[in-house]
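In the numbering used here, the protein residues as written are 2 to 337.
For glycine and all other residues, C-beta sits at the position ideal for the given N, C-alpha and C.
Below: the structure, in structure tokens.
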Ligand SMILES: NC(=O)c1ccc[n+]([C@@H]2O[C@H](COP(=O)([O-])OP(=O)(O)OC[C@H]3O[C@@H](n4cnc5c(N)ncnc54)[C@H](OP(=O)(O)O)[C@@H]3O)[C@@H](O)[C@H]2O)c1
């Protein structure tokens, strides 16, 4: 259940609860708009199930998610690992966006206040910023660690060259390094396996997959040729921002359903366990719009897929074999 957070000695649960569904905001309504009471119950359920890892971001419901999470944790805050992020536009100030020193220091202060805490366990940059020199970003993040406001650093939505360049720059300048990569990874989106997972394994980073159910698609609630059920994320136009091949996705859901029936568990649990059992994964960030969904997802911790079931799912969801990977694999088979 507990895994080391990258190559630190810190232990985190192999499921992390993502709180993107917390808060009231018109822009985030399609994802969820859970209030404090609902959030309190969900956080208590997570703590009871042994979850000690929570993910949020300043941008989720424009700060409301952080505020609600901080309040829900209350006195338990120091017992758990809280991860948040900065980078996306907050408010109207043209400088309250990106990974400049100016924005990072300000964003961190504001997150600390909203979370009602003195420190952030894992502070993540939400997306690469092509307009700011990496050195400026990394120095600002390092300062936050030196000041004790942040304990560990992570990044999200980086390409492999961006991440490797960041790691090398930190190493060269003697700065704190990113220890985690938070990235989109599920049975319908395995692009991470080309470069980023091998890179994280090689460099000792922990991988924290987001949208492991592809925003709800991998629960079986969406059926080919039928309209999305009312009130679900994918029934809203903005709720379809994740990129994947739907036709292929339906075949994957069929394979998940077969295993789910055999085991008498939900399709969502099978999809979550697949990602949780893949190499390099530290903690899978689950999302839930309701208490019922949360309880279902947490129940995936009670069992594991067999190697044969993993292989079946691996095969049906295999990403295309691109160059130069197929060529390197071919040679590797011949090498002594
Ligand atoms: N770094 C990033 O850029 C990034 C991006 C996205 C998310 N994240 C993080 O990852 C977390 C999880 O992302 P996500 O919410 O997209 O994850 P997800 O697991 O792919 O989707 C969660 C959604 O699926 C549906 N669902 C979940 N469990 C279900 C169940 N057991 N049965 C039926 N439906 C179920 C619910 O939506 P409906 O009820 O609407 O169907 C729920 O809100 C977020 O909270 C956030 O912390 C990070």
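Reduced DSSP secondary structure (H/G/I, E/B, other) of residue i
i: residue 290; result: coil
i: residue 170; result: helix
i: residue 56; result: strand
i: residue 301; result: helix
i: residue 207; result: strand
i: residue 231; result: coil
i: residue 37; result: helix
i: residue 221; result: coil
i: residue 85; result: strand
i: residue 185; result: strand
i: residue 77; result: helix
i: residue 338; result: Since the displayed the chain opens at 2 and closes at 337, residue 338 lies outside it and no answer follows.
i: residue 281; result: coil
i: residue 3; result: strand
i: residue 51; result: coil
i: residue 226; result: coil
i: residue 175; result: coil
i: residue 13; result: strand
Continuous beta strand (DSSP E) stretch holding residue i: start and end
i: residue 251; result: From DSSP, residue 251 is part of no beta strand (DSSP E) but of the alpha helix (DSSP H) over 247–264.
i: residue 140; result: It is not in any beta strand (DSSP E) - residue 140 instead sits in the alpha helix (DSSP H) that spans 135–147.
i: residue 98; result: From DSSP, residue 98 is part of no beta strand (DSSP E); its letter is neither H nor E.
i: residue 326; result: Not the beta strand (DSSP E): residue 326 falls in the alpha helix (DSSP H), residues 326–335.
i: residue 19; result: 16–19
i: residue 340; result: This structure cannot speak to residue 340, because the chain is shown only from 2 to 337.
Inter-residue spacing [alpha-carbon to alpha-carbon] between residue i and residue j
i: residue 317; j: residue 79; result: 42 Å
i: residue 285; j: residue 298; result: 11 Å
i: residue 261; j: residue 173; result: 49 Å
i: residue 52; j: residue 304; result: 16 Å
i: residue 296; j: residue 48; result: 12 Å
i: residue 197; j: residue 136; result: 21 Å
i: residue 242; j: residue 280; result: 27 Å
i: residue 96; j: residue 238; result: 29 Å
i: residue 302; j: residue 274; result: 8 Å
i: residue 216; j: residue 329; result: 34 Å
i: residue 37; j: residue 43; result: 10 Å
i: residue 54; j: residue 335; result: 43 Å
i: residue 161; j: residue 111; result: 30 Å
i: residue 332; j: residue 159; result: 29 Å
i: residue 122; j: residue 180; result: 12 Å
Limits of the alpha helix (DSSP H) - the one that residue i falls within
i: residue 203; result: 197–204
i: residue 70; result: 65–74
i: residue 122; result: Premise fails: residue 122 lies in the beta strand (DSSP E), 121–126, not in any alpha helix (DSSP H).
i: residue 308; result: 308–317
i: residue 114; result: 102–116
Residue i Cβ short of 7 Å to ligand 2 heavy atom set
i: residue 303; result: Among the ligands in the structure shown, ligand 2 does not appear; only ligand 1 can be found there.
Exercise. Below 8 Å, can you find three or more Cβ-Cβ pairs linking the region 218–233 to the region 244–254?
Worked result: yes
For this session: Decide yes or no for the touch test of the region 263–281 against the region 23–35: beta carbon pairs closer than 8 Å, at least 3 of them.
Result: no
Problem set entry | Sufficient close CB pairs (3 or more, under 8 Å) joining the region 86–94 to the region 46–64 | yes
For this session: Kindly confirm or deny that the region 124–132 and the region 96–104 touch, where touching means at least three C-beta pairs closer than 8 Å.
Result: yes
Exercise. Are the region 220–240 and the region 149–167 touching, with three or more C-beta to C-beta distances below 8 Å?
Worked result: no
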